[in-house]
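Each protein sequence line maps, in turn, to chains A and B.
In this text, residue positions in the first sequence follow the UniProt record's numbering: the first is 1, and each later residue adds one.
In this text, residue positions in the second sequence follow the UniProt record's numbering: the first is 1, and each later residue adds one.
Ideal placement from N, C-alpha and C gives every residue a C-beta, glycine not left out.
Owing to the predicted nature of the structure, the values given are computational and were not obtained by experimental measurement.
A short write-up of the structure that comes next.
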Amino acid sequence: MILKHFHKLNHISQILLSEMSGLKLHGAWVSPFVFRVKWALKLKGIPFEYIEEDLYNKSKMLLHYNPIHKKVPVLVHGGKPICESMLIIEYIEETWPQNPLLPNDPYEKALARFWVKFADDKGPAVFKVYKSRGEELEKAKEESLEILRTVEKHGLGDKKFFGGEEIGIVDIAFGWMVHWLGAMEEVGGVKLLESDEFPRLHAWINNFKEVHVIKENLPDHHDLVAHLKVLRERLLGQSSS
Amino acid sequence: MADEVILLDFWPSMFGMRVRVALAEKGIKYEYREEDLRNKSQLLLKMNPVHKKIPVLIHNGKPICESLIIVQYIDEVWNDRAPILPSDPYQRAQARFWADFVDKKVHDAGRKIWTTKGEEKEAAKKEFIDVLKVLEEQLGDKPYFGGDHFGFVDISLITYYSWFSAYEIFGEFSIEAHCPKLIAWAKRCLQKKSVSETLPDGKKIHGFINDMRKKLGVE
């Protein structure tokens, strides 16, 4: 009973605080891109109001704020929209510098941005595995393995996280590997991330999932798998693989 | 202590040109090294092992890759002159958004104009013009995308200008007829030395694309 009131008060105080910071995040529960922004805001302790969008029936507000791409996430700060998840995070970093997610040194920053771009550009190629079959699936598997091998070999090193001892922007950018990749492997009936071929990535995934903000903010695995199965059926037009 | 700045590049590359323009804007002395993309140097392969692509800026021995990342790096290191990105975080986010839009939309649409034929080519032309129109609308009545000053978005887009005449010849259309304000903006940018001394002549690019088309078997 007390817990219920506590949650209610916490929720109300979050709304009040977010009114003060004037921050709204338009998102969709399945999207790893939306979660990137959620993680960044929560790691910095910045309150915000979250607005769930139905991607098949996008709100007028969303289309008004992101007329070019019509996508989530969109962060609205004092009525002004910022689009594209990693650009939103750079904006957050510059506006609220506490608990920094980017290194200070320009060279390290450039390196971080390089891997953020890699995560952004290559993610969609890996996502193909849940929505392909036959020859296309084989191709998607090959491409995905190459991508994972590149990250394993060149991106990680032997540090706890991509940037060193603390979680940062590159880890957030690769967040799709942590929860979504597993769901996609399941739906596509493939196994990409074998631990003997990818020891560094496996270690990193465990480290990433242990961070409190991340642990507390991941979509439900079963809901995700069910959702991806529906999407797969829609795209491939049959009820089983 | 003098800075050692080396640029690995390929003369027709609109991505490489972005870095050259940024270096010129800041008045930075550097060594330009032309890469043969069919026979990449050991240095290039060592400095960009992930993509093996140009441009790569090597600053005191350390490589920075990806043209827009390099331009931001240049802006941050040589931050005492000719600012490229605005200082306000919201304006910076807008600048990055539009440079990202140029990256996502202009190159592929443009490439399809000279690598395809018939219906595919017509569709590519339409897509290309639509993208330029969006950019033209974003420019509005400002002298530059950056407002009063030449900046990040201007740099990201102007380097395509030397490819425009080739697109027009292969696509059989006039970009100016569809986007006069954008061409006026391009000519304004060309009045800056950093741009006019960097961008190769359109005829040279046309010759280069002609050779590429023969190699790719597009005729």
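Which residues in chain B sit within 8 Å of residue i, going by Cβ to Cβ distance?
i	result
L87 (chain A)	A93, R96, F97 and D100
K24 (chain A)	Simply none; closest approach about 15 Å.
Look at the alpha carbon of residue i and the alpha carbon of residue j, and state the distance between them as a whole number of angstroms.
i	j	result
L102 (chain A)	L135 (chain B)	30 Å
L75 (chain A)	V116 (chain A)	19 Å
L132 (chain B)	A184 (chain B)	13 Å
E233 (chain A)	Y130 (chain A)	10 Å
S85 (chain A)	F164 (chain B)	31 Å
V5 (chain B)	N60 (chain B)	6 Å
V21 (chain B)	P49 (chain B)	25 Å
Y32 (chain B)	D105 (chain A)	25 Å
E136 (chain A)	N79 (chain B)	48 Å
K44 (chain A)	G168 (chain A)	11 Å
M177 (chain A)	N66 (chain A)	26 Å
S162 (chain B)	I169 (chain B)	13 Å
C179 (chain B)	P219 (chain A)	45 Å
P73 (chain A)	V187 (chain A)	24 Å
F208 (chain A)	K58 (chain A)	32 Å
S144 (chain A)	A125 (chain A)	7 Å
A2 (chain B)	A110 (chain A)	21 Å
S241 (chain A)	T159 (chain B)	A caution first: S241 (chain A) carries a pLDDT of 49, below 50, which makes its placement in the model unreliable, though a value can still be read off. If you take the alpha carbons of S241 (chain A) and T159 (chain B), they lie about 47 Å apart.
For residue i, which residues in chain A fall below 7 Å Cβ to Cβ?
i	result
Y30 (chain B)	Here the premise fails: no neighbours, minimum Cβ distance about 16 Å.
P49 (chain B)	H154
K62 (chain B)	Y107
C65 (chain B)	F114
Y73 (chain B)	P106 and A110
List the residues of chain B whose Cβ lies closer than 7 Å to the Cβ of residue i, in chain order.
i	result
I82 (chain A)	A93
Pick helix, strand or coil for residue i, following the three-state DSSP scheme.
i	result
T154 (chain A)	Looking at the sequence itself, residue 154 (chain A) is His, so the reference to Thr does not match. Helix at H154 (chain A).
D201 (chain B)	coil
F145 (chain B)	coil
H178 (chain B)	helix
E216 (chain A)	coil
G188 (chain A)	helix
V178 (chain A)	coil
P81 (chain A)	strand
S241 (chain A)	For S241 (chain A), the predicted structure reports a pLDDT of 49, less than 50, and the residue's modelled location is therefore unreliable. The matter cannot be settled from this model.
V19 (chain B)	helix
Y56 (chain A)	coil
Q133 (chain A)	First, the residue type needs correcting, since residue 133 (chain A) is Arg and not Gln in the sequence shown. Coil, per DSSP.
F33 (chain A)	helix
P73 (chain A)	coil
G140 (chain B)	coil
F161 (chain A)	strand
P199 (chain A)	helix
G27 (chain B)	coil
G27 (chain A)	strand
L102 (chain A)	coil
Y107 (chain A)	helix
V56 (chain B)	strand
R188 (chain B)	helix
Let me check understanding here. Comparing Cα to Cα, which of the options lies closest to residue i?
i	options	result
F48 (chain A)	A:N104, A:E165 and A:A40	A:A40
N206 (chain A)	A:E197, A:F161 and A:A226	A:F161
K126 (chain B)	B:M17, B:G110, B:A93 and B:V77	B:G110
G163 (chain A)	A:M177, A:S144 and A:F114	A:F114
R18 (chain B)	B:D148, B:G217, B:V195 and B:A93	B:V195
H154 (chain A)	A:G134, A:M184 and A:A112	A:A112
K80 (chain A)	A:F174, A:P124 and A:H64	A:H64
V225 (chain A)	A:I172, A:L156, A:A183 and A:P199	A:A183
Y144 (chain B)	B:F170, B:E120, B:K192 and B:G118	B:K192
K104 (chain B)	A:Q98, A:K109, A:D120 and A:E216	A:D120
L87 (chain A)	B:I69, B:D154, B:A123 and B:G202	B:I69
T198 (chain B)	B:D3, B:Y90 and B:D9	B:D9
G171 (chain B)	B:K112, B:G207, B:L190 and B:V106	B:K112
L182 (chain B)	B:E66, B:K52, B:I129 and B:P89	B:I129
G146 (chain B)	B:S87, B:V218 and B:I74	B:S87
I147 (chain A)	A:R133, A:K215, A:F174 and A:E166	A:F174
A166 (chain B)	B:D211, B:V218, B:G202 and B:P63	B:G202
H77 (chain A)	A:Y107, A:D54, A:G237 and A:I46	A:I46
Taking a contact to mean a Cβ-Cβ separation below 8 Å, would you say residue i touches residue j in this structure?
i	j	result
E90 (chain A)	P100 (chain A)	no
K26 (chain B)	R81 (chain B)	yes
W98 (chain B)	R213 (chain B)	no
P32 (chain A)	W180 (chain A)	yes
E152 (chain A)	L192 (chain A)	no
V71 (chain B)	C65 (chain B)	no
I54 (chain B)	L44 (chain B)	yes
Y56 (chain A)	G27 (chain A)	no
I84 (chain B)	F152 (chain B)	yes
P30 (chain B)	L23 (chain B)	One point to set straight first is that residue 30 (chain B) is Tyr, not Pro, in the sequence displayed. A contact, by the Cβ cut-off of 8 Å.
Kindly list, in the order they appear in chain A, the residues whose Cβ is closer than 8 Å to that of residue i.
i	result
Y90 (chain B)	H77, K80, I82 and Y91
I158 (chain B)	Going along chain A, no residue has its Cβ under 8 Å from I158 (chain B), so there is no contact; the nearest lies around 20 Å.
residue 257 (chain B)	Chain B is shown only over 1 to 219; residue 257 (chain B) falls outside these bounds and no answer can be derived.
Residues of chain A with a CB under 9 Å from the CB of residue i: which are they?
i	result
E76 (chain B)	P106, K109 and A110
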